[in-house]
Amino acid sequence: MTEPAIFLDRLSKSYGDIHAVENLSLAIAPGTIFGFLGANGAGKTTTIRMLCGLVRPTSGMAKITGADVWRQRHIVRSKFGYVAQRFSLYRDLTVEENIRFFGGACRVPRGELPARTDRLLELTDLKAKRDVAAGSLSGGMRQLLALACALVHEPPLLFLDEPTSGLDPVHRQQMWNLLYDLSHRGITIFVTTHYMDEAERCTEVGFIEKGRLLAKAPPRALKASFQAKLLEIEVEPVMEALVRLRGVPGILGVSLRSGSLRLYAADPEKLVTEWKKQWPFPELRWVGHRWAEPDMEDVFTAYSQGYDAVLKLAQS
Ligand code: ATP
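Using the working numbering, you'd call the opening residue of the sequence shown number 65 and step up by one each time.
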């Protein structure tokens, strides 16, 4: 078996009483685009910071391409690029100077820097901004520059912490096209996101909740982890129905989707049978129902809300 690009064995980090990451174990194969999903405060950034050797694990261990991320952190540093959640570039330096600065810091041979800088400016579509101060770039371009800087030493692995947060759809698409490009070149990508359409684009997804890994599998397997299709109903007025149905026994949760209500229930067929016999809400008008295929938003809702009754728990 090929050595995993990233390997975690009961990795944990506590800050006093806060268990930011707890017994996280997983293996990620080279070339994977791994999407790391979880609510705010779930432990994603702490995990990435441990993997980058920036935070010392409380217990457990992690390896990148076979090297221990803490004990061998000086060696490991050359193996990855890191795009942090916060803007980490030098605002007063130009686009080109930032890339060259990071190149110098990562010990890229001087003679190779001009050609690499050109390649990275081309790749990130920043050639026209070469002499512009980083601080005056738009949010999307800053992220592309951050990516260029993270790639200057040509690492086999890339960590990105919410790289598309706050970006418009065009820049989000551009960022993902680039990630695909890099993945095709064999780079392993570990990316955190709150966007479910981005989770769909990953080859594998992990869900973390309160520092613990709930599931890890390709998006298709996660969607297949639902026990059954989801019940979607059309009821009027819809907002009143949303609130009313949330309190009904047997319904774990309700979400609004394009004007319809999607229900998470252990036995949705029973609900439909009962409601067809007798609709129990005289103040609400039943219009119709259909069965929907779960998407990643459903998966995320089910895992993060603990709707175990609708899931066959997935772990690859
Ligand atoms: P977000 O999506 O908001 O970035 P996250 O999933 O990245 O969240 P973390 O930033 O890893 O979550 O935080 C996990 C938990 O650890 C949170 O409860 C957070 O408050 C806590 N935490 C993180 N860093 C520290 C620190 N340096 N000191 C104390 N607590 C911390």
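All C-beta atoms in this analysis are idealised placements derived from N, C-alpha and C, irrespective of residue type, glycine included.
Selected residue, minimal CA-CA separation from residue i, among the options
| i | options | result |
| --- | --- | --- |
| Q369 | T111, A103, E86 | A103 |
| T109 | D372, L157, V255, T122 | V255 |
| D195 | G204, L187, E338, L209 | L209 |
| D232 | R206, E268, I163 | R206 |
| L309 | F345, K274, H83 | F345 |
| I272 | G204, P282, E86 | E86 |
| V147 | E357, I253, G199 | I253 |
| S324 | L88, W355, V312 | W355 |
| I297 | A305, G204, Q291 | A305 |
| G105 | H83, F166, S152 | H83 |
| S322 | H235, K376, V302 | V302 |
| E161 | K143, Q136, K191 | K191 |
| I163 | R183, P358, S247 | R183 |
| R141 | L157, R155, Q149, I112 | I112 |
| A288 | D359, H248, A126 | D359 |
| L75 | F151, L88, D331 | L88 |
| D372 | D331, G311, I70 | D331 |
| S202 | G167, H248, F151, S78 | F151 |
Secondary structure of residue i, DSSP reduced to three states
| i | result |
| --- | --- |
| G145 | strand |
| S322 | coil |
| E86 | strand |
| H258 | coil |
| V351 | strand |
| I128 | strand |
| Y154 | coil |
| S289 | coil |
| Y371 | coil |
| L316 | strand |
| A91 | strand |
| S269 | Per the sequence presented here, residue 269 reads as Val, with Ser not at that position. It is a strand residue. |
| D73 | strand |
| A366 | helix |
| V299 | strand |
| A34 | Given a span of 65 to 380 for the chain in the structure shown, any question on residue 34 remains unanswerable. |
| F166 | helix |
| I251 | coil |
| K280 | strand |
| G99 | strand |
| A305 | helix |
| A263 | helix |
| A179 | helix |
| L327 | strand |
| L242 | helix |
| L231 | coil |
Test item: CB-CB of residue i and residue j under 8 Å
| i | j | result |
| --- | --- | --- |
| H217 | C170 | yes |
| L316 | H353 | no |
| E300 | L348 | yes |
| W240 | R265 | yes |
| D189 | G124 | no |
| I128 | L221 | yes |
| E268 | A281 | yes |
| I50 | P68 | Nothing about residue 50 can be read from this structure; the chain reaches only from 65 to 380. |
| A214 | V159 | no |
| V133 | L153 | no |
| L375 | Q237 | no |
| F364 | M260 | yes |
| F165 | L177 | no |
| T257 | T228 | yes |
| L118 | L187 | no |
| G250 | G130 | no |
| G270 | H235 | no |
| E357 | K293 | yes |
| D245 | Q149 | no |
| A285 | Y367 | no |
Closer than 7 Å: residue i CB and nearest ligand 3 heavy atom
| i | result |
| --- | --- |
| G167 | Of the ligands one can find in the structure shown, namely ligand 1, none is ligand 3. |
Cutoff 8 Å: residue i Cβ touching any chain B Cβ
| i | result |
| --- | --- |
| V159 | No chain B is present in this structure, which holds just one protein chain. |
key: Runs of alpha helix (DSSP H) lying entirely within the stretch 190-227, each at least 4 residues, in chain order   = 203-214
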